[in-house]
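Notes for the one structure printed next.
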Amino acid sequence: MGSITNNYKLLPFRFHRANGRVLLVNDVGEYISLNDATFTKFIDHTIDTKSNDFMSLKSSFMAYESNLDSIIELLATKYRSRKQFLFDFTSLHIIVLTERCNQKCTYCHASSIDDNATGKHDMNSTTAKKCVDAIFSSPSHNIKIEFQGGEPFLNFEVLKEIVEYSEEVNSALNKNLEFVICSNLIALDANKLDYLKTKNIPISTSLDGPKDIHDTCRILRNGRGSYDIFSRNLRWASDELGINNISALMTVTPYNINRLNDVIYEYIQQGFGSIFLRMMNPFGYARDNKVHLQYSVDDFLESYKAALDYIIKLNLEGRYFPENYTTLLLRRILTPFSTGFVDLQSPAGAGISCAVYYVNGDVYVSDEARMLAKSSGDKYFCLGNVHSATWKEMFCGDLLKRIVSESCIESLPGCAWCVYQPYCGGDPVRNYALQGNMVSSKAENYFCEKHKGLFNILFDYILEDNDDIQDVFWSWITGKNLEASRIR
Ligand code: SF4
Ligand code: SF4
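Note that the working numbering has the sequence shown beginning at 12, numbered continuously upward.
Here you go:
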């Protein structure tokens with residue numbers, strides 16, 4: 012029997028009980044799992060300080076015996092690393108080039124309108140230049156401009172003007188400047204492809220699964236499915252730009268939720284090296300058509316878990332193929348680094364990491380904020396307009412300060428004591444859209460329900476102590492194939 016002592020002190024941590032075990036997580040994201048009896052001894056100050064469990068508790072900073080000052084110093088360094096994104100102000104700038112689209116997807120979050128619509132639905136050159144001026148006023152050294160719509164190819168001349176003008180402005184500033192275009196690929200032609208190739212602009216597109224699934228929701232304005240044109244143009248773009256310069260998002264709908272293995276197979280067939288299983292958001296037509304499109308968070312989590320099992324199996328069979336959201340969450344859990352994903356930050360990335368420039372020059376704090384304005388007319392999250400407000404008025408004003416202070420999950424009810432808080436983030440726009448305030452009640456919050464469920468699933472894998480699964484996860488985190496990242 013080892014020595015029993017109470018000569019140690021606890022450091023701050025949050026905990027959660029499940030299946031006879033207790034998960035402890037501290038502010039810098041270090042974690043440890045104990046059985047119930049050991050946890051009770053630990054908090055009663057009666058655990059054997061020579062035991063392996065106590066050594067692990069000490070090395071993961073749940074307790075200390077001496078040198079508190081240096082421990083605090085170390086924890087502060089780790090905390091700074093996790094919050095590194097705060098040193099880089101707004102770097103992702105989304106420009107909405109047009110409200111028009113040649114598709115009418117049943118879940119379109121952007122509430123796009125007919126591609127033949129007349130009126131002021133496209134961004135003009137004057138507004139585009141003003142947007143670029145605002146973008147380059149950001150103190151961030153990293154500027155990523157993402158072109159969105161509607162379908163941005165429908166206003167391609169203005170896209171080119173933005174690229175050229177941004178390069179001109181940046182010649183004096185020398186920032187890291189990148190572009191990406193989000194396109195359904197239907198209006199691709201040789202001139203556009205040439206331009207993207209010359210300017211090294213990657214494409215982010217959408218693929219919901221094999222033809223019968225994709226064509227259910229992603230339909231052309233004439234009512235036909237978009238799969239045939241999409242896959243033909245995808246092959247063309249892939250030949251010209253390389254598949255590594257094309258990524259795809261898939262949206263989970265009731266039509267593919269029970270067929271995710273078919274969706275994964277389709278991604279592999281099309282040459283993609285990864286997948287992003289995205290739950291549908293409650294904006295735009297997805298909200299209007301929710302009678303046909305709704306499913307529960309439990310349904311999503313069940314299908315996500317089954318798909319992840321399948322993806323892990325594929326990786327163990329020798330195919331490197333990560334699920335991208337899982338990789339992002341694993342980076343947060345298993346590494347000390349900041350991931351900078353604007354949708355999962357505390358304080359939220361809205362406005363301070365990402366901004367959206369609408370067709371008319373209105374500036375919103377996030378993609379969801381402009382979707383909310385478009386679908387319901389509620390412009391609560393509009394920071395101002397590039398034609399009438401200065402950068403300082405928009406980005407140093409009261410609204411953005413309020414968003415920041417109300418999205419620090421460290422102090423939000425529910426999140427403040429949640430064991431997963433160091434890995435999670437705030438979502439003030441979604442909270443406001445669904446519950447009428449930025450803070451929200453976690454009990455009725457689907458974002459929270461989804462993330463708690465995802466973290467539960469990932470911790471079940473992590474704590475399973477299965478070397479093969481750990482190796483797969485580390486191969487995703489490091490971006491190396493499985494053999495190169497084997498830890499044994
Ligand atoms: S989801 Fe994209 S491609 Fe589909 S209608 Fe909306 S903007 Fe167009
Ligand atoms: S949103 Fe939910 S899962 Fe995330 S920290 Fe808050 S309570 Fe935890």
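No residue lacks a Cβ here, since even glycine has one placed at the ideal position from N, Cα and C.
Taking C-beta to C-beta, are residue i and residue j nearer than 8 Å?
i	j	result
residue 28	residue 44	no
residue 383	residue 450	no
residue 469	residue 341	yes
residue 245	residue 169	no
residue 370	residue 120	no
residue 415	residue 103	no
residue 39	residue 115	no
residue 87	residue 20	no
residue 361	residue 377	yes
residue 420	residue 437	yes
residue 235	residue 126	no
residue 349	residue 95	yes
residue 402	residue 145	yes
residue 197	residue 224	no
residue 433	residue 36	yes
residue 2	residue 397	Because the chain spans 12 through 499 in this model, residue 2 falls outside it and cannot be assessed.
residue 106	residue 158	yes
residue 62	residue 41	no
residue 117	residue 149	no
residue 317	residue 288	no
residue 178	residue 139	no
residue 457	residue 391	no
In the structure shown, what three-state DSSP assignment does residue i receive?
i	result
residue 135	coil
residue 281	coil
residue 400	coil
residue 301	helix
residue 159	strand
residue 395	strand
residue 360	coil
residue 426	coil
residue 407	coil
residue 249	helix
residue 105	strand
residue 92	helix
residue 291	coil
residue 380	helix
residue 389	coil
residue 110	coil
residue 455	helix
residue 169	helix
residue 472	helix
residue 477	coil
residue 235	coil
residue 14	For residue 14, the predicted model reports a pLDDT of 46, less than 50, meaning its position is unreliable; a value from the coordinates is still stated below. Three-state DSSP puts residue 14 in coil, outside helix and strand.
residue 262	strand
residue 184	helix
residue 179	helix
residue 347	coil
residue 493	helix
residue 486	helix
residue 19	coil
residue 46	strand
residue 216	strand
Out of the options, point me to the one whose CA is closest to residue i's CA.
i	options	result
residue 388	245, 52, 295, 241	295
residue 205	487, 216, 234, 247	247
residue 230	123, 410, 311	123
residue 24	54, 47, 472	54
residue 431	52, 184, 343	343
residue 113	153, 106, 238, 162	162
residue 207	223, 269, 493, 189	189
residue 7	142, 213, 216	For the chain, the structure presents residues 12 to 499; residue 7 sits outside this window and is missing.
residue 253	284, 477, 299	284
residue 493	330, 179, 155	330
residue 455	313, 425, 473	425
residue 187	411, 275, 147	147
residue 201	339, 249, 48, 318	249
residue 351	315, 216, 278, 153	153
residue 218	243, 210, 99, 474	243
residue 68	98, 34, 99	34
residue 461	97, 291, 26	291
Could you tell me whether the stretch 294-309 touches the stretch 319-336, where touching means 3 or more Cβ pairs closer than 8 Å? Output reads no: the stretch 319-336 does not touch the stretch 294-309.
When the Cβ atoms of the stretch 326-345 are set against those of the stretch 479-488, are three or more pairs found closer than 8 Å? Enough Cβ pairs lie closer than 8 Å, so yes.
For the stretch 263-279 against the stretch 301-310, are there 3 or more C-beta pairs whose distance is under 8 Å? Touching, yes.
With contact counted as at least three CB pairs below 8 Å, one residue from each stretch, are the stretch 189-200 and the stretch 78-94 in contact? At 8 Å Cβ cutoff, the stretches do not touch.
Under 6 Å, CB to nearest heavy atom of ligand 2: contacting residues: Ordered along the chain, the selected set is 420, 425, 426, 429, 431, 432, 435, 453, 459, 462, 463.
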